[in-house]
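Those sequence lines, one after another, are chains A and B. Here the first sequence is numbered in numbering that gives the first Met the number 0, starting from 0 and rising by one per residue. Here the second sequence is numbered in numbering that gives the first Met the number 0, starting from 0 and rising by one per residue.
Protein chains: 2
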Amino acid sequence: MTSPERLARAYLLRVAEPPAPALLTFVAEHGPVGAAEAVRRGEVPEAVLQETSARREIDLAERDLAGAREAGARLVIPEDDEWPAWPLLSLDVATGRGAEGVAAPLALWVRGAARLDEAADEAVAIVGARAASEYGQHVSSELGYALAEHGVAVFSGAAYGIDGAAHRGAVIAGGVTVAVLGCALDAGYPAGHVGLYDRIARRGAVVSEYPPGTPPARHRFLVRNRLIAGLTAGTVVVEAGARSGARNTAATAGALGKVVMAVPGPIGSAMSVGCHRLIRDAHATLVASAADVLETVGRLGTGDAPQPRSPRRRTDGLGPQALRVHEALGERRGKSPEGIAAESGVPLPRVRALLPALELDGLSERCETGWRRARTPPPRS
Amino acid sequence: MTSPERLARAYLLRVAEPPAPALLTFVAEHGPVGAAEAVRRGEVPEAVLQETSARREIDLAERDLAGAREAGARLVIPEDDEWPAWPLLSLDVATGRGAEGVAAPLALWVRGAARLDEAADEAVAIVGARAASEYGQHVSSELGYALAEHGVAVFSGAAYGIDGAAHRGAVIAGGVTVAVLGCALDAGYPAGHVGLYDRIARRGAVVSEYPPGTPPARHRFLVRNRLIAGLTAGTVVVEAGARSGARNTAATAGALGKVVMAVPGPIGSAMSVGCHRLIRDAHATLVASAADVLETVGRLGTGDAPQPRSPRRRTDGLGPQALRVHEALGERRGKSPEGIAAESGVPLPRVRALLPALELDGLSERCETGWRRARTPPPRS
C-alpha cells in the first residue's frame, strides 16, 4: 500500500520543475496531501501557481511509483527515516536567507543499496569538467578511492570526465558513492555511464528529483548541483575550465556554508584554470591529497589520516652560531678553534664551547689536527 | 679617493658575519667610521663584541675595495644615492619588532650596470628549488621573461634550477635581473652560473654582502634570503620540496610584510609540495601567470596586464524561466507553446511572452510547426 504522502509527492515532483520554493513552503504549511489536492484544483497562491500551472493536470504518480519499483528504485520522502534531513537543512536555511534557486527537493528518486541518510552522514562531493585531462581523471579516481577507503561517501554528478572517475575510484575501493543526476533515473544519460550506474547502485545510490522519462537539460544540471552541494560536507573541484558547471557547484556549496576545495594543477593546463581561480579569487582551500580533504572537512584527529611529516636534517635543532660553527668544520682535515672562529665569525670562546656540544650531538669529532665533522653519524632515535 | 665611510664599512663587512643587528645599531649610533675604530680596539658593548671579536683584527678593506674595482664591482653603502633605503626599511622595522636574524646589511658589494635603488623600485623575487622539474624551470623562465618585459626587476638567488631559470628568462627579455648571492662575488659559485653572472651584470646586477673570497655555506643562503625578500615587493615561489630554502625566503618575506606568492603544480610532483603547503597553510597567494603576479603586488590597473576574460555563452543574460524555455525548444522541428510549457514546467502565459523575447535576442524563431531554436545566430555586438 503506497502512503498518500508518497503518492502526493510523486505527483508534485512531476508537476513542478525544481527548484520550487513557493510549492515547498506551501507543502510545509498544508502537508503534501492537502497541498497536492489544492495544486490539482489550481486553488493555490499566485507564486505556487507559477510553479505548477503548466503541468498540474498531469498525474502519473501511481504509474511513476510502479515503474520505479519495477526498476528497483524507490521514492524517498521527508516522511521516511531515510530522508537526509540534516544535510538538506542547509538548503532550507539558504532559502530562508533569500538565496534564489536553492530550495530543498520535495522528494528523491533513489536506486541502490545505500541508505541516503547514512551516505550523506560523512560525505564529500568530487566534481569537475567533462573534458578532463588525463591528470584530472587520475587525481579524481585516486581521491575517490582514498576517501571511500576512509569511509567517506563520494557524491558526484555522474558526468563523463572528473565525475565518472570519482565514482569509479570509490567503486573500486568497495566504498559508497552516490550519483546525483540532472535527468530521470531511467533517462540512460550519459549513455556510456549506464553500466556504471549499476556498479554504483550495488553499495551506493543513484539519485534524482526528476520523474521517469525526464531528459537531461543544462538548467537541470545547474539545479541538480545544489543537491550535490547540499548533501555533502564539502565539495572538491578537481578540474574546471574558465567556465564550468563544477564552479557553479562550488559557488553553491559556498553559499550553503559548506567547505569549498580545489585541486591545483599545471598552470599551463586550461582544465586547471577554474580551480586556480577558485583558490585565488574565491578562497577555496587548496587540497593536494585525500588527507588534505579529510583535514579540511574536519575529520582529522581521528588518527586514520596521518599527515606527511617534513623530513628532518640532523642539524635542525642547532642555533645560528652552532650552525655556523658546524658549517665551518671540514669533512676530512681538522681545523683549530681559532681557524673555525675566523671562518664562522663566531667568537672564539663560543667556538670552544660549541665544539664539544656538537660532539655530543654526533656532529663533530676531534682528530690530530683539530676538529672536523663527525664521519659516522649515530642513528637518531 | 675612497671615502672613510666606505673604508669603514668594507672593514666591518669582513669582520662581522651577517646579520649583525648589534653592530648595525652601534653603527647607527656612532657612524661607520667611529664604529669601525671602536670595533678595531675592541672597545664596544658585549653584544657588538660577540659579533665582531672573532675577526676584528683582520683589516683588508683597502685590498677588498681595490680588488672589487679591478673586477668591475663596487661597494654600495647607505651613504650613497644608490642605496635602496626604502625597500630595506622593512628589515629595520622587522629588527625593531624583535624579529631575529633580519638586520639590514651594512653595505653591499655590487657588480653590474643597474642602479640598485632603481632595480629595487619595482621588483619581484622568483625563487625555488635547485632540483626543479622541467615544468618548474619552464614556468620560472616564462615568469622571469614576462615580468622583465613589463619593466619589473626580477630578483633571485642565482642557484641552479628555479633561480637560474628566472634570471635567464629576464635576461632573454632584455630586462633587469638581480642575483643576490650567499657567497662572495668572486666565489665562482655555482660553477655553472659564472657565465650567467656576466649576462646578468650587463643590464642588471650581482649583489652580495660577503667580502671577496667568502665561500658559500648553508647558513649564508638563509641569511641572504632576507635580502631577496627585503629588496622586493613580493616573493614568488615557483617550486619547492617539503623542505626548501625557498620556503624560508617566503616565510621571511611574510615576516617583513611583503607579498608571498606560490605557483601551483601537479599534486603528484614532489617539487610542488612546498608551494601547495604555502598556499594551503600559510595563505600564500596562488599565482598562475605574470598577470596574477602583477595584480597581487598591485601593479594592475596600469593597463599593461589585461586579465583574461571568461568566454560568454549567448544565453548568459537569460533568467531561469527563459533558459528553461530555450532548452525546451527543438533544434529543427517547431513545438507549440503548450508543448514547451509542459516540457519546461514554465506557465503557458510566460512561455507565450518569452518566445518572442527570445526571438528578439536571436535565440528562437517561428516556423510552420511552431517555435524552434534560431538557426543562424546574428553576430553579437
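Each residue gets a CB set at the ideal place from its N, CA and C atoms; glycine is no exception.
According to DSSP, residue i sits in a beta bridge with which residue or residues?
i       : result
A387(A) : In the structure displayed, chain A extends from 0 to 380; residue 387(A) sits before or after that span and is not available.
T284(A) : M260(A)
W108(A) : L74(A), S207(A)
R372(A) : S363(A)
Let me know the secondary structure DSSP gives residue i once reduced to three states.
i       : result
E56(A)  : coil
A204(A) : strand
S309(B) : Annotation note: pLDDT 46 at S309(B) (below 50); position unreliable, coordinate value reported separately. Coil at S309(B), not helix or strand.
V75(A)  : strand
T234(B) : strand
Y188(A) : coil
V101(A) : coil
I266(B) : coil
R129(B) : coil
V296(A) : coil
W82(B)  : coil
G273(A) : helix
R68(A)  : helix
P17(B)  : coil
G194(B) : helix
R62(A)  : helix
A135(B) : Looking at the sequence provided, one finds Gly at residue 135(B) rather than Ala. Three-state result, G135(B): helix.
A239(B) : coil
R410(B) : Only positions 0 to 380 of chain B appear in this structure, which leaves residue 410(B) out of reach.
G212(B) : coil
A289(B) : helix
M0(A)   : coil
A113(B) : coil
A183(A) : coil
A158(B) : coil
T301(A) : The predicted model places T301(A) with a pLDDT of 44, which falls under 50 and marks its position as unreliable; any figure quoted below should be read in that light. Note: T301(A) maps to coil in three-state DSSP.
Let's see if you can read the secondary structure: which residues bound the alpha helix (DSSP H) around residue i?
i       : result
E461(A) : Residue numbering for chain A in the displayed model covers 0 to 380; residue 461(A) lies beyond these limits and cannot be assessed.
V170(A) : 161 to 171
I227(A) : 217 to 229
L48(A)  : 45 to 51
G316(A) : That residue, G316(A), is in no alpha helix (DSSP H); it is neither H nor E in DSSP.
V244(B) : Note that residue 244(B) is Gly in the sequence shown, not Val. Where G244(B) is concerned, the enclosing alpha helix (DSSP H) stretches over 244 to 254.
Return yes when the C-beta of residue i is under 6 Å from any heavy atom of the ligand GTP, and no when it is not.
i       : result
A254(A) : Absence of the ligand GTP from the depicted structure is noted, as is the absence of any ligand whatsoever, leaving it without description.
What span of residues does the beta strand (DSSP E) with residue i cover, start to end?
i       : result
R5(B)   : Per DSSP, R5(B) belongs to no beta strand (DSSP E); it is in the alpha helix (DSSP H), 3 to 14.
V179(A) : 176 to 179
(request) Indicate whether the contact test is met: 3 or more Cβ pairs, each with one atom in the segment 7 to 24 of chain B and one in the segment 39 to 48 of chain B, closer than 8 Å. (result) yes
(request) Output the residue ranges of the beta strand (DSSP E) runs that lie fully inside the segment 323 to 369 of chain B and measure 3 residues or longer, sorted by chain position. (result) 363 to 366
(message) For the pair the segment 254 to 273 of chain B and the segment 186 to 206 of chain B, tell me if three or more CB-CB distances fall below 8 Å.
(response) no
(message) Does the segment 104 to 120 of chain A come into contact with the segment 128 to 143 of chain A, if we say contact requires no fewer than three beta-carbon pairs (one atom in each stretch) closer than 8 Å?
(response) no
(request) Decide yes or no for the touch test of the segment 137 to 148 of chain A against the segment 63 to 76 of chain A: beta carbon pairs closer than 8 Å, at least 3 of them. (result) no
(request) Inspect the CB distances between the segment 281 to 294 of chain B and the segment 150 to 158 of chain A and report whether three or more fall short of 8 Å. (result) no
(message) Any contact between the segment 162 to 180 of chain A and the segment 223 to 230 of chain A? By contact I mean 3 or more CB pairs, one from each, below 8 Å.
(response) yes
(request) Spell out a yes or no on whether the segment 284 to 297 of chain B and the segment 320 to 337 of chain B are touching, meaning 3 or more CB-CB pairs, one atom from each, closer than 8 Å. (result) no
(request) Count the CB pairs spanning the segment 347 to 354 of chain A and the segment 23 to 36 of chain B that are closer than 8 Å, and state whether there are at least three. (result) no
(message) Using a Cβ distance threshold of 8 Å, determine whether the segment 238 to 251 of chain B contacts the segment 242 to 257 of chain A, with at least three qualifying pairs required.
(response) no
(message) Does the segment 329 to 346 of chain A come into contact with the segment 358 to 370 of chain A, if we say contact requires no fewer than three beta-carbon pairs (one atom in each stretch) closer than 8 Å?
(response) yes
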